Every structure is written in structure tokens, then in C-alpha cells.
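Reading through the C-alpha cells given below for one structure.
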Amino acid sequence: MRDVVSGLGHLHDLEILHQDLKPQNIFITEKPLVAKLSDMGSCTSCGTLGWQAREMLRPDVQPSPANDMFSLGCVLFFSVTGGKHPFGKPGKRAIDIQNNIQNNTMDLSSVASIPEAHDLISGLLNPDPILRPKVSKVLHHPFWSSEMLSRFCFSSLDKMKKFVK
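In terms of my numbering, the sequence shown opens at residue 8 and continues consecutively.
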């Protein structure tokens with residue numbers, strides 16, 4: 008996932024917004040283990056319902072890197088929890104999840120036992136786009152420390168195995 012953050016940072020450095028960051032738009036290769044952003048053709052659209060920031064539903068708001076950072080928070084939560092969404096249970100309709108995003112009704116209890124993940128994800132999901140961290144801050148967050156990353160990888164692998172069955 009750190010590769011995704013780096014890729015997003017590269018796009019933002021070029022003043023390009025992804026605008027449709029979601030699990031389906033991330034490719035993971037095994038050898039070497041790398042995560043890559045995809046679906047760059049949608050860089051001009053305004054996202055997928057249930058993964059986009061609440062401010063993007065307002066017609067007067069211009070897209071910004073903060074919108075991608077919100078989506079990154081949702082994707083990171085999805086990765087850490089093995090397929091859960093911070094704004095709704097699996098099987099909920101996208102419109103219900105988007106309503107929860109609008110009302111800032113999220114459940115981060117699944118990452119409460121991992122303080123670094125909780126801190127990073129809650130910052131990325133901040134309802135105020137100005138307060139969301141920039142890519143550089145995300146890349147230097149304690150979440151990515153080697154010990155934390157090992158815990159994350161093993162935990163995610165176990166959860167994904169259960170998710171696939």
C-alpha cells in the first residue's frame with residue numbers, strides 16, 4: 008500500500024488527481040510485491056459512490072488532492088481489515104455508504120487495536136479536507152515503521168485468507 012501512496016504523491020506532484028481511488032483500481036503483483044494504481048482513464052471523472060469524499064457531492068467544490076486522500080483512507084481501512092469499509096458493512100448499497108460519509112458516521116473499531124493505523128486512517132477520513140494529511144506526511148507516518156508494517160502484513164494476510172474462503 009505504501010507504493011500506492013507514493014504513486015498518488017507522484018500524480019499530485021504533477022498536479023494530476025486520480026479521483027477514483029478504490030480497491031478495484033489497485034493492482035498487486037507478487038514478484039516483486041508491488042501495489043500499483045490503475046484506471047487512470049478516470050482521472051477526469053469525480054469518483055465512485057461510496058469511495059469519494061463528502062465534499063465531492065457539492066457542485067461548487069473543485070477537486071483537490073484532499074479528495075484522493077479521503078479515498079486513500081477508505082482503501083487503507085479496507086486493506087487493514089480484510090475487506091471492511093469504514094462507513095458501512097459489506098453488502099450495504101453504495102448510496103447508504105455515501106450517506107454515512109455525508110453524515111461522518113464511521114466505525115473505526117476494527118483498527119482500534121492498532122493505534123498507528125487508527126491515527127493515520129482517522130486523519131485521512133477527516134471530514135474537513137483542509138485537515139487531511141498530505142502524501143508526504145502519510146509516507147512518514149509511524150504506520151509504515153518496519154515493526155508496524157510486519158504486524159500489518161501478517162494481520163492482513165490472515166484476514167484476506169478468511170475473506171477469500
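For every residue, glycine included, the Cβ atom is placed at its ideal position computed from N, Cα and C. From a predicted model like this one, the values you see are computed outputs, not experimental measurements.
Straight-line gap, Ser152 to Pro70 (C-alpha atoms, nearest Å):
Working through the sequence shown from its first residue, we reach residue 152 at position 145. Working through the sequence shown from its first residue, we reach residue 70 at position 63. For Ser152 and Pro70, the distance between alpha carbons rounds to 31 Å.
Which of the three DSSP states, helix, strand or coil, is assigned to Leu44?
On the sequence shown, position 37 is the one that residue 44 refers to. Shown here, Leu44 sits in a strand according to DSSP, grouped into three states.
Selection from Lys91, Arg61, Ala73, Asp126 that minimises the alpha carbon distance to Pro30
Reading the sequence shown from its first residue, position 23 is the one you call residue 30. The residue with the shortest Cα to Cα distance from Pro30 is Lys91.
Val11, buried or exposed, once every other Cβ within 10 Å from all chains shown has been counted against 16:
One-based indexing of the sequence shown puts residue 11 at position 4. When all chains shown are included, Val11 counts as buried.
Go through its chain and collect everything with a Cβ distance to Leu127's Cβ below 6 Å, but skip five positions before and after it.
Taking the first residue of the sequence shown as 1, we reach residue 127 at position 120. Correct list, in chain order: His148, Phe150.
How about Val87 and Val118: are their beta carbons less than 9 Å apart?
Within the sequence shown, the letter at position 80 stands for residue 87. Within the sequence shown, the letter at position 111 stands for residue 118. Closer than 9 Å, so yes.
As a quick exercise: from Lys43, Leu131, Ser143, Lys144, pick the residue whose alpha carbon is nearest that of Leu83.
Working through the sequence shown from its first residue, we reach residue 83 at position 76. If we check each option's Cα against that of Leu83, Leu131 comes out closest.
In DSSP terms, what Phe77 is bridged to
One-based indexing of the sequence shown puts residue 77 at position 70. Looking at the DSSP assignment, Phe77 forms no beta bridge with any residue, so it has no partner.
Tell me which same chain residues have a C-beta within less than 7 Å of the C-beta of His25, skipping the five on either side of it?
Looking up residue 25 in the sequence shown gives position 18. Closer than 7 Å at Cβ, skipping near neighbours: Leu15, Leu18, Leu44, Cys50, Asp75.
Helix, strand or coil at Gly95 [DSSP, three-state]
Locating residue 95 in the sequence shown gives position 88, counting from the first residue. DSSP places Gly95 in strand when its eight states are reduced to three.
Residues in its own chain within less than 6 Å of Pro140 by CB, not counting five upstream and five downstream?
Your numbering for residue 140 matches position 133 in the sequence shown. Only Gly130 meet the Cβ criterion.
Ranges of the alpha helix (DSSP H) found wholly within the segment 82-145, counting only runs of at least 4:
101-109, 122-131
Decide if the segment 35-43 is in contact with the segment 106-118; the criterion is three or more beta carbon pairs, one per stretch, under 8 Å apart.
no
Same chain only: Cβ atoms within 6 Å of Ala60, ignoring 5 sequence neighbours per side:
Your numbering for residue 60 matches position 53 in the sequence shown. Excluding residues within five positions, the ones whose Cβ falls inside 6 Å are Asn74, Phe77.
Rank Asn32, Leu56, Leu79, Asp27 by C-alpha distance to the C-alpha of Arg9 and give the top, closest one.
As a first step, residue 9 is located in the sequence shown; it is residue number 2 there, counting from the start. Comparing C-alpha distances from Arg9 to each of Asn32, Leu56, Leu79, Asp27 shows the shortest one belongs to Leu79.
Beta bridge counterpart(s) of Thr36 as assigned by DSSP:
Sequence index remark: in the sequence shown, residue 36 carries index 29 (1-based). According to DSSP, which records beta bridges pairwise, Thr36 is partnered with Val41.
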